[in-house]
Amino acid sequence: MSARQTIRRAAAAMRDGSLTSVELTRAALKAASMTESQVHAYLTLDTEGALQAAEMADSELGAGDDRGPLHGIPIALKDNMVTKGIETTCSSRILSGYVPPYSATVVERLEEGGAVITGKTNLDEFAMGSSTEHSAFGPTRNPWDTDRVPGGSSGGSAVTVAVGSALGALGSDTGGSVRQPASLTGVVGMKPTYGLVSRYGLIPFASSLDQIGPFTRTVADAVDVLSVIAGHDPHDATSIPGSVPNLDAGLGRGLDGVKVGVVSEMQRDETEPAVRGAVANIIEQMEANGAKVQEVSLPSFEYALSAYYLIAPAEASANLARFDGVRYGNRVDGANVADMMSKTRADGFGAEVIRRILLGTYALSAGHFDAFYGQALKVRSLVRRDLDAAYEDVDVLVGPTSPTTAFELGAKTADPLTMYLTDVFTIPANLSGHPAISVPVGLDEAGLPIGFQVMAPALGEPTLFQVAEAVESIAAFDQEPELAGSLA
Amino acid sequence: MTTTWEPVIGLETHVELETESKMFCGCPVDFNAEPNTVTCPVCLGLPGALPVPNRRAIDMIMKIGLALNCSISEHTIFHRKNYFYADLPKNYQISQFDLPVCEEGFLDIEGEAGGRVGIERVHQEEDTGKSNHMGGDGRITSAEYSLLDFNRSGVPLVEIVTKPEIRSATQARAYGLELRAVIVSLGVSDAKLEEGSIRFDANISVRPKGATTLGTKVEIKNMNSYRSMERAIAHEVIRQAQVLDDGGRIVQETRHWDEDAGVTRSGRVKEGFSDYRFFSEPDMVPMVIDQEWQDRIAGELPELPSDRRKRYQGMGLGEYQAALVAGSEPELVQMFEGAVDAGGSPPSVANWLTGEVVAALRRSDHSLAASALTISHLVELVGLVESSTISTSAAKAVLAGVLDGEGSPGEVAEARDLLQVSDAGALEAAVGQVISENPEEFERLSGGEQKLIGFFVGQVMKLTGGKADPKVVSGLLRARLSD
Amino acid sequence: MPIDIDIAHVARLARIELSDAELAEHGRHCADILEHAAKVQALDTEGIQPTSHPLPLVNAFRDDVVTPGRVLARDVVLDQAPAVEDVYFRVPPALEDE
Ligand SMILES: [Mg+2]
Ligand SMILES: [Zn+2]
Chain A
1 MSARQTIRRA
11 AAAMRDGSLT
21 SVELTRAALK
31 AASMTESQVH
41 AYLTLDTEGA
51 LQAAEMADSE
61 LGAGDDRGPL
71 HGIPIALKDN
81 MVTKGIETTC
91 SSRILSGYVP
101 PYSATVVERL
111 EEGGAVITGK
121 TNLDEFAMGS
131 STEHSAFGPT
141 RNPWDTDRVP
151 GGSSGGSAVT
161 VAVGSALGAL
171 GSDTGGSVRQ
181 PASLTGVVGM
191 KPTYGLVSRY
201 GLIPFASSLD
211 QIGPFTRTVA
221 DAVDVLSVIA
231 GHDPHDATSI
241 PGSVPNLDAG
251 LGRGLDGVKV
261 GVVSEMQRDE
271 TEPAVRGAVA
281 NIIEQMEANG
291 AKVQEVSLPS
301 FEYALSAYYL
311 IAPAEASANL
321 ARFDGVRYGN
331 RVDGANVADM
341 MSKTRADGFG
351 AEVIRRILLG
361 TYALSAGHFD
371 AFYGQALKVR
381 SLVRRDLDAA
391 YEDVDVLVGP
401 TSPTTAFELG
411 AKTADPLTMY
421 LTDVFTIPAN
431 LSGHPAISVP
441 VGLDEAGLPI
451 GFQVMAPALG
461 EPTLFQVAEA
471 VESIAAFDQE
481 PELAGSLA
Chain B
1 MTTTWEPVIG
11 LETHVELETE
21 SKMFCGCPVD
31 FNAEPNTVTC
41 PVCLGLPGAL
51 PVPNRRAIDM
61 IMKIGLALNC
71 SISEHTIFHR
81 KNYFYADLPK
91 NYQISQFDLP
101 VCEEGFLDIE
111 GEAGGRVGIE
121 RVHQEEDTGK
131 SNHMGGDGRI
141 TSAEYSLLDF
151 NRSGVPLVEI
161 VTKPEIRSAT
171 QARAYGLELR
181 AVIVSLGVSD
191 AKLEEGSIRF
201 DANISVRPKG
211 ATTLGTKVEI
221 KNMNSYRSME
231 RAIAHEVIRQ
241 AQVLDDGGRI
251 VQETRHWDED
261 AGVTRSGRVK
271 EGFSDYRFFS
281 EPDMVPMVID
291 QEWQDRIAGE
301 LPELPSDRRK
311 RYQGMGLGEY
321 QAALVAGSEP
331 ELVQMFEGAV
341 DAGGSPPSVA
351 NWLTGEVVAA
361 LRRSDHSLAA
371 SALTISHLVE
381 LVGLVESSTI
391 STSAAKAVLA
401 GVLDGEGSPG
411 EVAEARDLLQ
421 VSDAGALEAA
431 VGQVISENPE
441 EFERLSGGEQ
451 KLIGFFVGQV
461 MKLTGGKADP
471 KVVSGLLRAR
481 LSD
Chain C
1 MPIDIDIAHV
11 ARLARIELSD
21 AELAEHGRHC
31 ADILEHAAKV
41 QALDTEGIQP
51 TSHPLPLVNA
61 FRDDVVTPGR
71 VLARDVVLDQ
81 APAVEDVYFR
91 VPPALEDE
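Protein chains in written order, with the numbering used here: chain A, 1 to 488; chain B, 1 to 483; chain C, 1 to 98.
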């Protein structure tokens, strides 16, 4: 185990009196001041609000009013979750200056849990991208090598945890947008079962795929963050009713007897050798630690990426229609309403967002619906059927999170299709709605982090965390980027 | 040889439901609120907000569907209908596409232009905000800008679509009135055309008589009364026939009814067809309406207007009067039923209610519910007339007094000295006085000019301030003549 | 199979005003992506029901209850608008063909 500061350690230290939330928060803010000019993880850093919240947390904890595992813990939010009174932009010019009049359910739950919200983090505009380069406010850089991308779209949130300018962060994962940047920045990133965490107040990219999930330094910390934000929300009709599974039920139980499926289709030739080697090594050690490993074939995986790049843009084309310059956001004037809207949207959206809106509009339009969108929904059924069949035989599925480690800025921006291919391993869990997690397991020869992905069936979080924690302890990954500030 | 054109008409009706809260959020449904004061993140389409459907709206649409003899779909979902419009906050409307709550029903229309009108579907959706077009002559075509109020955004809306089976403008109007009566009887909407809580659009095409294919259809909007609906449709049918007779072609478009000019005018020319890019609403989960739910709603259905009309006719009301009462506001129907239960004669109660009471309320601009008139007042009033205790004309004055809160009909008649005088002795003097004041006329009457009886009765009524019983007066006159 | 897209029509449907050069570039990229995505058409999906939602949930409703606490004050609502007049949002005139 690393000696780095974690949510669990800090929480214990605050309760035994050896640490205050103000000290912890100041350390995070200091890390931000030391790293931001190089990584640009934050769009809005709420220094004042964070310190006030920290003071409040200290006095509450001092008075014995314990609000749980995140009380006094600095947490950063991806800037696609609305925060009452704090600018929320989705990294888009169209929303630059927008101050929401309400907060997302996850934000309310963090506040009720006494968390210290440090600020809003950078993302690919409207969460559309895999590198955090498609931000209207400039890219976020990878702290392991600032010439490289941190992954995306939740790159800002991933980097805050990697450099210690927050102890945990929330991202949103539509096609891998939490897991892939976690993999590229050497932190834990988790996508819960669809519907476990409320989407109310998450500015949607693709409604049937989006799910908010935590970035943390350890698997146990991810359990803590998820336990605060998970649970039924009457304001989200897609939220799962009933109680949340006991998330930490599997922690500490190891791998004995756990049935692990290695997905054949995720052992692709295009995957970088270092990534394949690291993943194979972990699987070997899992077996040595009592796991029953078998190869599993999921033929429909080959088609998942194609289905995703029809379904997600289709939903996005409608979700982003509301940005029209009428009620909020920025406007470019026009001679009539249609003209005003068309100019506003052309000016307000970046090229990648426009591309996806056009793709989605086309896929849904008359004459093309059945061949594209309709067929994609059927392929989605097949992906699900393959996964359901696999989970009859195994408890979890494993493989790499991303086929590559962090790539250089600009390497994939010219060709959208190559960028899209980076999500090939993460997308199936979004199509099926299943939970999945990326755990850092090592560095490649260039010193860049490698992520290992574990997937589980719907509401299989307890097993997912059990296996992820075992992987974490096998890998014993405890390195930090040189840039990282030291948290108190 | 000229072609005989046959109109093919379908109606789309939007009805605003009278729920407490909006379709997908907890904002109140309040049409009297100040502009932009009843909105929230959901109905204003703010980034991140999500819709959650109102269960009671689904109950209500099921009521409508069942009343229109539709089948209720066990599996139904919402769709997004995509189009950009400034008063549509999300730039998509949450509506239903191929899986509406209700399908395949009919509504039977009575009367000359009657018949069965097939209902294709009844689906649930949400209303838009309101645009006020400013500048120019106030019409959308010449406006300089628009001002938007989103209070109405998200109000539950039910759309009822007929099959293209309506064969005349008169039948369209009869359908509209009957549909409205059904909606009102269900208690799901006040369905006021003038206030927009019920709105009709017509799809019209014509084809050579006997043809089985459909012609190009034109959509007619802005029909703000049942009368203008009939006029607009009739006009459009003739217009289309003329265009075709002249060798022209019908353009698929939306036309607006201009009430003053009595014509339909071209509105928006559609580029062939609209591409709404319907797809299933991913922010909501499917609805499953099981038999138990359907049975519960079926059990809550009130008597429908057609059944009610038949029952009223059984009580002795004429066809027209039965329809008039059955199609009235719920308070009036309730008062009618109550008064009949309390022993009032059904035809008399109906006459008074639909005649004098409605007229008096209209004059005073009061609603029946807010007026001082009670069921027992009405029964008493009708009884006083029938027992000749007051005259019909006096009864009108009594009603006015009751509505003004002066008390019961008996009390008002007493206080205003309107009790009818039918005692022959008391009237004898008045008759004598009138005869002596009009000797010439009496001479002619005596000479056999019988129609002058009416003149003398009238004079006596005048003299007695309307209190004399006319039957007794004419008896007295005849007695004098035969002397 | 090359995909033929009327990209100008699609952009009009999406209410995005693009220059000819932008249209050409987006058209090219979209065609590339759709060609790749057309892979879905190769799969035999005979008899397969579409999945539009990842979970088998049904009947998520709310009661017909007003929640005054969520209603926004008018000044808050209008405060974020690009243009207001009096108590309304203001927009340019609507065209007839909308
Ligand atoms: Mg409609
Ligand atoms: Zn609302």
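For each residue, glycine too, the CB sits at the ideal point set by N, CA and C.
None of the values given here were measured: they were computed from a predicted structure.
In terms of side-chain proximity, the C-beta atom of His14/B is found nearer than 7 angstroms to a non-hydrogen atom of ligand 1. Of the residues assessed, Glu443/B falls on the exposed side of the cut-off, its CB having fewer than 16 other CB atoms within 10 angstroms. Per DSSP, reduced to three states, the secondary structure at Trp144/A is coil, with no helix or strand assignment.
When only Cα atoms are considered, Gly290/A and Lys259/A end up about 9 angstroms apart. Ranked by how close their Cα comes to the Cα of Ser364/B, the residues Gly401/B, Gly383/B, Ser393/B, Ile61/B have Gly401/B in first place.
As summarised for the stretch 89-157 of chain A, the continuous beta strand (DSSP E) elements at least 3 residues long and confined to that stretch are 116-121, given in chain order.
Counted as a single uninterrupted DSSP element, the beta strand (DSSP E) harbouring Gly168/A occupies residues 168-172.
The stretch 252-309 of chain A contains, as complete alpha helix (DSSP H) runs of 4+ residues, the segments 273-288 (chain order). Residues of the stretch 4-19 of chain B with a Cβ closer than 9 angstroms to any Cβ of chain A: none. In this structure, DSSP gives Val84/C an extended state, which the three-state scheme calls strand.
For Leu18/C, no Cβ of chain B is located within less than 8 angstroms of the residue's own Cβ. Looking at the DSSP output, Leu202/A shares a beta bridge with Met81/A.
Put simply, the residues with a CB less than 6 angstroms from any heavy atom of ligand 2 are Lys22/B, Cys25/B, Cys27/B, Thr39/B, Cys40/B, Val42/B, Cys43/B, Gly154/B, in chain order. Between ligand 1 and Ser95/B, a heavy atom-to-CB distance of less than 7 angstroms is present.
Straight-line measurement puts the Cα of Pro68/C at about 46 angstroms from the Cα of Asp395/A. Not a single C-beta of chain A is nearer than 8 angstroms to the C-beta of Arg28/C.
Here Thr418/A is exposed: its Cβ has fewer than 16 other Cβ atoms, across all protein chains shown, within 10 Å. Residue pairing by DSSP places Met287/B opposite Thr76/B in a beta bridge. For Glu219/B, the shortest separation between its Cβ and any heavy atom of ligand 1 does not lie below 7 angstroms. Classified as exposed, Asp147/A has fewer than 16 neighbouring CB atoms from the shown chains inside 10 Å of its CB.
By the rule that beta-carbons nearer than 8 angstroms mark a contact, Asp63/C touches chain B. Per DSSP, reduced to three states, the secondary structure at Ala394/B is helical. For ligand 1, no non-hydrogen atom lies closer than 7 angstroms to the CB of Glu120/B. Look at His123/B here: in three-state DSSP terms it is strand. Asn319/A and Gly360/A have their alpha carbons spaced roughly 11 angstroms apart. Contact annotation, His377/B with Pro409/B: C-beta distance approximately 6 angstroms; criterion of less than 8 angstroms satisfied. At least one heavy atom of ligand 1 falls within 7 angstroms of the beta-carbon of Glu125/B. Across the stretch 96-123 of chain B, no CB contact with chain A closer than 8 angstroms is found for any residue. By alpha-carbon distance to Leu373/B, the top candidate from Pro346/B, Met335/B, Asp275/B, Ala359/B is Met335/B. Per DSSP, reduced to three states, the secondary structure at Val441/A is strand.
In the three-state reduction of the DSSP assignment, Gly466/B falls in the coil class.
The closest heavy atom of ligand 1 lies 7 angstroms or more from the beta carbon of Glu295/A. Contact of Val285/B with chain C is assigned, a C-beta pair being separated by under 8 angstroms. By the 16-neighbour rule on beta-carbons within 10 angstroms, Asn80/A is buried.
Contact check between the stretch 9-23 of chain B and the stretch 253-266 of chain B: fewer than three CB pairs, one atom from each, fall below 8 angstroms, which does not count as touching.
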